[in-house]
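Let me begin by presenting the structure, written as structure tokens, before commenting on it.
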Amino acid sequence: MFTGIIETTAKVISYSDGVLVLERPVSFDDIKIGSSIAVSGVCLSITAFDHRTMTFDVTSETLRVTKIGSLRSSDRVNLERAMRADARLEGHVVQGHVEGVGEVLFDVCVSSSIPRPLPPEEEGGFDRKHRIPKLLRSFARMMRKKPTRAEKILWEAIRYDQLGVRFRRQYFIGGRILDFFCPRLFLCVEVDGEIHLESAQKEKDRERDAFLALDHRVRTVRFTNNEIYQDLPRVLEKIKNSIQNSSPPPSEEGLGVEEKQQTKQLVIELPQHLLSNIIPKGSITIDGVSLTIAHIEGNRITIALIPLTLEQTTLGSLKKGDRVNIETDVLVRSAHATIPSF
């Protein structure tokens, strides 16, 4: 049994034909043949060691279910020795029985001076001071289902907190429907088609932007369809700059700003067979690290990594496309086994 609290990381010396050799941390001074070590979440037993290295045998089943077989020389892995019965359980109960491999879809570094994104919903929204007229609600729903090509391209690039904050589509506020809106920063992003190039429409857009700014403290940035088609990276860079330069709502909104520190959010795609064991705010083990699930959407989860986790584990170096070992919460699994309808 383990806790998911990583003690240290170690470098892979070699992996070949089911034999994994790792460097031995100085702090691992009590190991012996047969000692159980969680290696990036996989429970392995020491088969040999000296003052510099630790050796493990890896079974075919472990190779099938985990990412151990893809390790290369100089890769780093998270390490945790088996928990002590007389010690405090700081994380959650981790068996070291990895159930599958997930894939990192997005990794976003976030300064905590930018308020954290809203959980759950990305779709729609409304100014809570005003009820949405039925016609507008239907229109917003239709636009979400049938976005323009430019809107679809931009949405795929900013959804899932890829820019460090959460945007919502077709957000209703002040009698207007905004293309993309960040509720935490009161930042609106509009995608303009050809009609917006006409002088009369430009004037209407200026009036709308001024109204939203004066009456609702919403800052608007606009991009044409062609800008998105031809130079999406530049568009995203401008949005990032707007995020950095946006002030959060006043303190009475309850969204105070914390001291600036770097944190990271990961969106991970999980194997389908693990989804029944995933619950909001539940525990999960990613590469051996005990974490809390911040948000679930389909087969994707969002997790937040604090600076300490970034510094002391390998999760800080994860990037899009990387594979991670997954173990769901044993308590949830046990509940499912005991109470099928759970």
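With positions in the sequence shown counted from 1, the corresponding number in the working numbering is that position plus 44. A virtual CB, placed ideally from N, CA and C, is assigned to each residue, including glycine.
Beta-carbon proximity list for residue i, same chain, < 7 Å, skipping 5 on both sides
i: Val148; result: Leu310, Ile312, Leu362, Lys363, Lys364, Gly365, Asp366, Val368
i: Ala184; result: Gly168, Gln214, Phe216, Ile221
i: Val320; result: The sequence given here has Ser at residue 320, not Val. Correct list, in chain order: His380.
i: Gln356; result: Ile50
i: Lys248; result: none
i: Leu318; result: Glu143, Gly144, Ile370, Thr372
Coil, strand or helix - residue i by DSSP
i: Glu105; result: helix
i: Tyr273; result: helix
i: Ser114; result: helix
i: Leu399; result: This structure cannot speak to residue 399, because the chain is shown only from 45 to 386.
i: Leu280; result: helix
i: Ile197; result: helix
i: Arg132; result: coil
i: Glu296; result: Interpretation of Glu296 is limited by its pLDDT of 42, a score under 50 that renders its predicted location unreliable; the figure taken from the coordinates is listed afterwards. Helix at Glu296.
i: Leu314; result: coil
i: Ser290; result: coil
i: Leu359; result: helix
i: Lys190; result: coil
i: Ile49; result: coil
Own chain, CB closer than 8 Å to residue i, minus 5 neighbours either side, in chain order
i: His95; result: Arg68
i: Val145; result: Val109, Thr110, Lys111, Pro315, Arg367, Val368, Asn369, Ile370
i: Ile57; result: Val65, Leu66, Glu67, Thr97, Ser117
i: Leu280; result: Ala201, Ile202, Leu207
i: Asp119; result: Lys55, Val56
i: Ile75; result: Arg68, Ile81, Ile90, Phe93, Met98, Arg125
i: Ile272; result: Ala194, Ile197, Leu198, Val235, Val279
i: His240; result: Lys246, Asp249, Arg266, Thr268
Residues that DSSP places opposite residue i in a beta bridge
i: Asn369; result: Val145
i: Glu67; result: Thr97
i: Ile202; result: None; Ile202 has no bridge partner.
i: Ile340; result: Ile345
i: Ser334; result: Thr329
i: Glu234; result: Arg266
i: Val89; result: The identity of residue 89 in the sequence shown is Ser, whereas the question assumes Val. Ser89 pairs with Ser80.
Opening and closing residue of the alpha helix (DSSP H) in which residue i lies
i: Arg250; result: 243–260
i: Arg377; result: 374–382
i: Glu355; result: 351–356
Nonlocal neighbours in the same chain, by C-beta distance under 6 Å from residue i, ignoring five residues either side
i: Cys232; result: Leu222, Phe225, Val262, Thr264
i: Glu134; result: Thr47, Ile49
Endpoints, the beta strand (DSSP E) within which residue i is located
i: Gln214; result: 212–217
i: Leu222; result: 220–226
i: Val56; result: 52–60
i: Asn321; result: Per DSSP, Asn321 belongs to no beta strand (DSSP E) and is neither H nor E.
i: Glu124; result: 120–125
i: Val137; result: First-last for Val137: undefined, no H or E at that position.
i: Thr329; result: 327–330
i: Ser79; result: Taken as a continuous stretch (DSSP letters only), Ser79 belongs to no beta strand (DSSP E), as it is neither H nor E.
i: Val268; result: For the sequence presented, residue 268 should be read as Thr rather than Val. Taken as a continuous stretch (DSSP letters only), the beta strand (DSSP E) holding Thr268 covers 263–268.
i: Leu229; result: Looking at the DSSP string, Leu229 is not in any beta strand (DSSP E), and its letter there is neither H nor E.
Cβ contact check for the region 46–61 and the region 332–351: 3 or more pairs under 8 Å:
Yes: the two stretches touch, three or more of their Cβ pairs being nearer than 8 Å.
Just checking, does the region 117–133 make contact with the region 340–353 on the three C-beta pairs under 8 Å criterion?
The region 117–133 makes no contact with the region 340–353; the number of CB pairs closer than 8 Å stays below 3.
Using 8 Å as the Cβ pair cut-off and three pairs as the minimum, do the region 189–198 and the region 232–246 touch?
Yes: at least three Cβ pairs fall under 8 Å.
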